[in-house]
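Below is one structure, written out as structure tokens; comments come after it.
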Amino acid sequence: MLYREAGDFKTSYGKDSQTFPLKFDRWAYWLLLVVAFGVVPFFINDYWLNAVLLPFLIYAIAALGLNILSGYAGQISLGSGGFMAVGAYSCYKLMTSFPDVSIFFHVIISGLITAMVGLAFGLPSMRIKGFYLAVATLAAQFFLVWLFNKVPWFFNYSASGQISAPERTVLGYAVTGPLATAPAKYLFCLVFVLLLAWMARNLTRGSFGRKWMAIRDMDIAAEIIGVNPLSAKLSAFGISSFYIGISGALIFAVFLGAVDVNDTFSIQKSFLILFIVIIGGLGSILGSFIGAAFLVLMPVLLKNIMVGQLGWPSDLAAHFEFIIVGALIIVTLIIEPHGMAQVWRLTKQKLRLWPFPH
Amino acid sequence: MNQMNAESYVTADGRTIGGVVMEMKNITLRFGGVTAIEDISFDIREGEIRAIIGPNGAGKSSMLNVISGFYVPQEGEVWFHGAPRPKMRPYKVAKQGIARTFQNIALFEGMSVLDNVMTGRLTHMKSGMLSQAMWWGKAQREEFENRAQVEKVIDFLEIQAIRKTPVGRLPYGLKKRVELARALAAEPKLLLLDEPMAGMNVEEKEDMSRFILDVNDEFGTTICLIEHDMGVVMDLSDRVVVMDYGKKIGDGTPNDVRNNQAVIDAYLGVSHD
Amino acid sequence: MPDQLLFAIEVALNGLMTGVLYALVALGFVLIFKASGVFNYAQGVMALFAAMTLVGIQKGQVPFAHLINSIFGTDIHHFGWHVPSIIAIILTAGVMVLFAWIVERYILKHLVNQPEIILFMATIGLTYFMEGFGDLMWGADLKRLDVGLPQGINDMIDITTAEWFGYGFFIDNLDIVATIIAAILVAGLILFSQYTKQGRAMRAVADDHQAALSVGISLRFIWVLVWSLAGFVALVAGMMWGAKSGVQFSLSLIALKALPVLMLGGFTSIPGAIVGGLIIGVGEKLFEFSIGPLIGGATENWFAYVLALLFLVFRPQGLFGEKIIERV
Chain A
1 MLYREAGDFK TSYGKDSQTF PLKFDRWAYW LLLVVAFGVV PFFINDYWLN
51 AVLLPFLIYA IAALGLNILS GYAGQISLGS GGFMAVGAYS CYKLMTSFPD
101 VSIFFHVIIS GLITAMVGLA FGLPSMRIKG FYLAVATLAA QFFLVWLFNK
151 VPWFFNYSAS GQISAPERTV LGYAVTGPLA TAPAKYLFCL VFVLLLAWMA
201 RNLTRGSFGR KWMAIRDMDI AAEIIGVNPL SAKLSAFGIS SFYIGISGAL
251 IFAVFLGAVD VNDTFSIQKS FLILFIVIIG GLGSILGSFI GAAFLVLMPV
301 LLKNIMVGQL GWPSDLAAHF EFIIVGALII VTLIIEPHGM AQVWRLTKQK
351 LRLWPFPH
Chain B
359 MNQMNAESYV TADGRTIGGV VMEMKNITLR FGGVTAIEDI SFDIREGEIR
409 AIIGPNGAGK SSMLNVISGF YVPQEGEVWF HGAPRPKMRP YKVAKQGIAR
459 TFQNIALFEG MSVLDNVMTG RLTHMKSGML SQAMWWGKAQ REEFENRAQV
509 EKVIDFLEIQ AIRKTPVGRL PYGLKKRVEL ARALAAEPKL LLLDEPMAGM
559 NVEEKEDMSR FILDVNDEFG TTICLIEHDM GVVMDLSDRV VVMDYGKKIG
609 DGTPNDVRNN QAVIDAYLGV SHD
Chain C
632 MPDQLLFAIE VALNGLMTGV LYALVALGFV LIFKASGVFN YAQGVMALFA
682 AMTLVGIQKG QVPFAHLINS IFGTDIHHFG WHVPSIIAII LTAGVMVLFA
732 WIVERYILKH LVNQPEIILF MATIGLTYFM EGFGDLMWGA DLKRLDVGLP
782 QGINDMIDIT TAEWFGYGFF IDNLDIVATI IAAILVAGLI LFSQYTKQGR
832 AMRAVADDHQ AALSVGISLR FIWVLVWSLA GFVALVAGMM WGAKSGVQFS
882 LSLIALKALP VLMLGGFTSI PGAIVGGLII GVGEKLFEFS IGPLIGGATE
932 NWFAYVLALL FLVFRPQGLF GEKIIERV
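Residue numbers (our numbering), protein chains in the order written: chain A, 1 to 358; chain B, 359 to 631; chain C, 632 to 959.
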């Protein structure tokens, strides 16, 4: 009987457009925040924080970004890996060039730089659509990775060609470098996730969101009723790259500490982010989180079961991971093209009516 | 016919028709070798309901597309508010106060009715990205002001009950109405309706006719519509343009057009007895 | 003739041969896209899977050996026989038909009427599935593929050019054979689609699904047919590429190279796929030869995409596409 909207009347437009229209959901949300900030970092062991929660948070940011571009604005991109690399290398250059500035700003400025690069690669979207655009974003992927590989300035002429994050602190706690503790890293990323998810929600429920969805659903009609396609598409590219850039910066500086552009930001990463968005739900903020949680957890579980429990060699687990991810994508698209977020939404609707479904 | 040359006049039912707001001057539109519109001129006066009729393939929809700036004619000029309109992208035309509906409903299927109608307000919403991302005072206020305006339109067209329904689930007749709502939400000076009653039953047609008349009457919106149903056209419109094979074959009040031999021939075929 | 020019010509000729392979993969894309509107990202992995299956059958590998060994603690690898190349090829072709049938039965059938972009993403899923499945079935190690195609420098060209220009061109026999086989394949496909009943039905489906259905063409049969054809094309491409540089994961990446080819040539044009493939093959080799050393090399990684991107910005319909008239 808790999960009801009866008696929960909206008396203003503000109330009507809030994120969680039901009181129950609002309480659940605040509770989740308290747990995420107050309980998780102190009671979860470092392995889970480092191997599961950290990548979950960071991939969720990237997925939010790609979801804005693909789910809301309808522009498919296969270049996420390349844009993450831009974020990572920007962050590296900023960290080493301005060691006195807070890492917090480094990460945000990395996002802004990536947004600029994203705008440049978004320009062709004026002329080309659909698959053609998807393939065109591959140009960004391969060119950017090549660039970071070949121009020594980007990796400060290090012999290995890798970049590694120096130690930086926030409020006295190290969040990057070898001394950073798992809870500090986790909280640092959590702040970004929260901020960015909240911004994404605001953008997508306002006039920008409507512009994007209008372009996605029917671009010609959108233009005729007054949407400037140039500004709508470019703003989606810019915002999306901003998110993806931040996630790239966090992957490098906080999660991995050192990256090689070929391994970390390859085309596989682009696909991973795309899969998170598809499985989680195109055009859904919540979906970005569900998808990220799923695709981060699944390999860990598979490995634990197959390698840990059954004692199989780890390459077998890797093959199964491919098979399962691929099959899941297909099954998701067949059963529910809007992903797990839609399944969740439908379940909630049923729950509202329960136990009287008619 | 005398009254039509005057600056403004009052119709039999008491509406004031003003001067010319839009004038098409010798429009010719070609696609490759096909001439869709050939040397057509006509004007639209402020506050009137102007109809364009003609058999299938006469070039009516192309004409609306020229007015909304989607097609650029090879020859001729579009005059708006007494000056030739420079070549401009459709979204700029929309910003000048021209809204429209489409022959094959062009709603945004992935969005709710409310969001669809809200897209009609996009030309009026100007708050920046940062302000929206933060949901600051300005963006929030703008959102709610426009929401209030949209609610008026929703009330007016009696679609309150389906506000939050995804558009994809609506039946055809309601979709047409939502599309009209989206166009009205823009508070247009000139409203273009491309076959607003196509595929409707008699009841739905009556509803739609009533809405069109009310829009014209209450908001003083100038309307230019394409319609196949002769009865509806004759009842609704102040003046009618008749097109056939891309040419204009008649122009005048419904009565003038009804008695025009070229029009009768085009619609009924030339009689041989 | 100056040496630089001679080198450039040799590079261009070799690029032409690479281009043939790109064109072959692109051809598979075009076939499927025309008949079902599916942009089949899995074309590359189909080539990989076909090549793996071919090697596996030829060498008498036990399918899923790795998995079986892990579960039962056994140590089996090979049946101990060798299958002649020609029979192995025929069997592999049969596997590809089976694959086409499964794809139609379990994926396409359920995704009819979905937007093209959903279908595209489904084929990306299929790609992942096939990569994992192929590795699980035949093992992920690098395999040598030998079906008896001639390989090595073509002495005749080497000697002749040496006589003419004083510099012998290095052209691999395998490339020449690949070009000839590709030409035969394309000619065969064109004859098939022009002069047979199934070919005509295929073209009808390509033109308009609904209309084709209404005159009694079975969509499902046509889809199995085109996916099978695309499977054969993938088999040929996989054979060529595998003979050249071994059968391994990187083979599936030629699919990625076929994408810019399609952007140049248009998704629906067979001549476009071929011309596009040749342009990209020659273009990337010449670019690497002339500009590559100045900017650090390895430009083949991105040249094709950037070229296609720039090209499309100025001509969105591709080389052979028609100008699109948009309507509302």
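Idealized CB from N, CA, C, for every residue including glycine.
Counted within 10 angstroms of its Cβ, other Cβ atoms place Met-787 (chain C) as buried (16 or more) or exposed
exposed
Does Tyr-449 (chain B) come within less than 8 Å of chain A when only Cβ atoms are used?
yes
Please classify Lys-348 (chain A) as buried or exposed, where buried requires at least 16 other C-beta atoms within 10 Å of its C-beta.
exposed
Could you name the residues of the same chain whose beta carbon sits closer than 6 Å to that of Met-362 (chain B), not counting the 5 residues immediately before and after it, in chain order?
In this prediction, Met-362 (chain B) has a pLDDT of 47, which is less than 50 and means its spatial position is unreliable; nothing more can be read from the coordinates.
Out of B:Val-615, B:His-586, B:Thr-611, B:Leu-594, which one is the CA nearest neighbour of Ala-416 (chain B)?
B:His-586
Member of B:Asp-401, B:Lys-510, B:Pro-413 whose CA lies at the smallest distance from the CA of Tyr-603 (chain B)
B:Pro-413
Return the first residue and the last residue of the beta strand (DSSP E) that Val-379 (chain B) is part of.
378-389
How big is the Cα-Cα spacing for Phe-255 (chain A) and Ala-293 (chain A)?
16 Å
Nearest-angstrom Cα distance between Ala-232 (chain A) and Leu-94 (chain A)?
30 Å
Relative to chain A, which residues along the region 465-483 of chain B have a C-beta separation below 7 Å, given in chain order?
Phe-466, Glu-467, Gly-468, Met-469, Asp-473, Met-476, Thr-477, Gly-478, Leu-480, Thr-481, Met-483
Which runs of the alpha helix (DSSP H) fall wholly inside the region 857-929 of chain C and span at least 4 residues, in chain order?
885-896, 901-921
Pick helix, strand or coil for Gln-432 (chain B), following the three-state DSSP scheme.
coil
Nearest-angstrom Cα distance between Ala-673 (chain C) and Ser-158 (chain A)?
38 Å
Drop a sphere of 10 angstroms on the beta-carbon of Leu-193 (chain A), count the other beta-carbons inside from all chains shown, and report buried for 16 or more, exposed for fewer.
Before going on, a small fix: residue 193 (chain A) reads as Val here, not Leu. That one is buried.
Quick one: does Gly-339 (chain A) have its CB under 8 Å from some CB of chain C?
no
Please list, in chain order, the chain C residues whose beta carbon lies closer than 9 Å to that of Val-325 (chain A).
Gly-756, Tyr-759, Phe-760, Gly-763
Can you tell me where the beta strand (DSSP E) holding Met-601 (chain B) begins and where it ends?
597-602
Can you list, in chain order, the residues of its chain whose CB lies under 7 Å from that of Asn-360 (chain B), leaving out five sequence neighbours each side?
Confidence at Asn-360 (chain B) is low in this model, with a pLDDT of 40, below 50, so its placement is unreliable and the value that follows should be read with caution. There are no such residues.
Which residues in chain B sit within 8 Å of Leu-203 (chain A), going by Cβ to Cβ distance?
Met-487, Gln-490, Ala-491
Could you run through the region 915-938 of chain C and flag, in chain order, every residue whose CB is less than 8 Å away from some CB of chain A?
Ile-926, Gly-927, Gly-928, Ala-929, Thr-930, Asn-932, Trp-933, Tyr-936, Val-937
Could you tell me whether the region 731-747 of chain C touches the region 324-344 of chain A, where touching means 3 or more Cβ pairs closer than 8 Å?
yes
Any idea if Glu-762 (chain C) is buried or exposed, counting beta-carbon neighbours within 10 angstroms, 16 or more meaning buried?
buried
With DSSP as the reference, please indicate the residues paired to Phe-289 (chain A) in a beta bridge.
DSSP, once it has assigned bridges, lists no residue as partnering Phe-289 (chain A).
Using a Cβ cut-off of 7 Å, pull out every chain A residue sitting near His-741 (chain C), in sequence order please.
Ile-334
Sequence-distant residues of the same chain with beta carbon closer than 6 Å to Pro-442 (chain B), five excluded per side:
Glu-435
Might you give, ordered along the chain, the residues of its own chain that have their beta carbon closer than 7 Å to the beta carbon of Val-261 (chain A), omitting 5 neighbours on each side?
Ala-85, Val-145, Phe-148, Asn-149
Let's see if you can read the secondary structure: which residues bound the alpha helix (DSSP H) around Ser-270 (chain A)?
267-280
Is the CB of Lys-211 (chain A) under 8 Å away from at least one CB in chain B?
yes
Threshold first: 4 residues or longer. Then list the alpha helix (DSSP H) segments lying entirely within the region 237-269 of chain A, N to C.
261-264
Please state the DSSP three-state secondary structure of Trp-354 (chain A).
coil
Cβ-based contacts, 8 Å cut-off: residues of the region 214-234 of chain A near chain B
Ala-214, Arg-216, Asp-217, Met-218, Ile-220, Ala-221, Ala-222, Glu-223, Ile-224, Ile-225, Gly-226, Val-227, Asn-228, Pro-229
Should Ser-284 (chain A) go down as buried or exposed, given a rule of 16 or more other Cβ atoms within 10 Å for buried?
buried
Kindly give me the distance between the Cβ atoms of Val-726 (chain C) and Thr-758 (chain C), rounded to whole angstroms, as I take these residues to be in contact under 8 Å.
That pair is no contact at about 17 Å.
Where Gln-689 (chain C) falls, given that 16 or more other Cβ within 10 Å makes a residue buried
buried
Shortest alpha-carbon distance to Phe-56 (chain A) belongs to which of A:Ala-341, A:Leu-282, A:Ile-273, A:Gly-82?
A:Ile-273
Quick one: is Val-714 (chain C) near chain A, going by C-beta distance under 8 Å?
no
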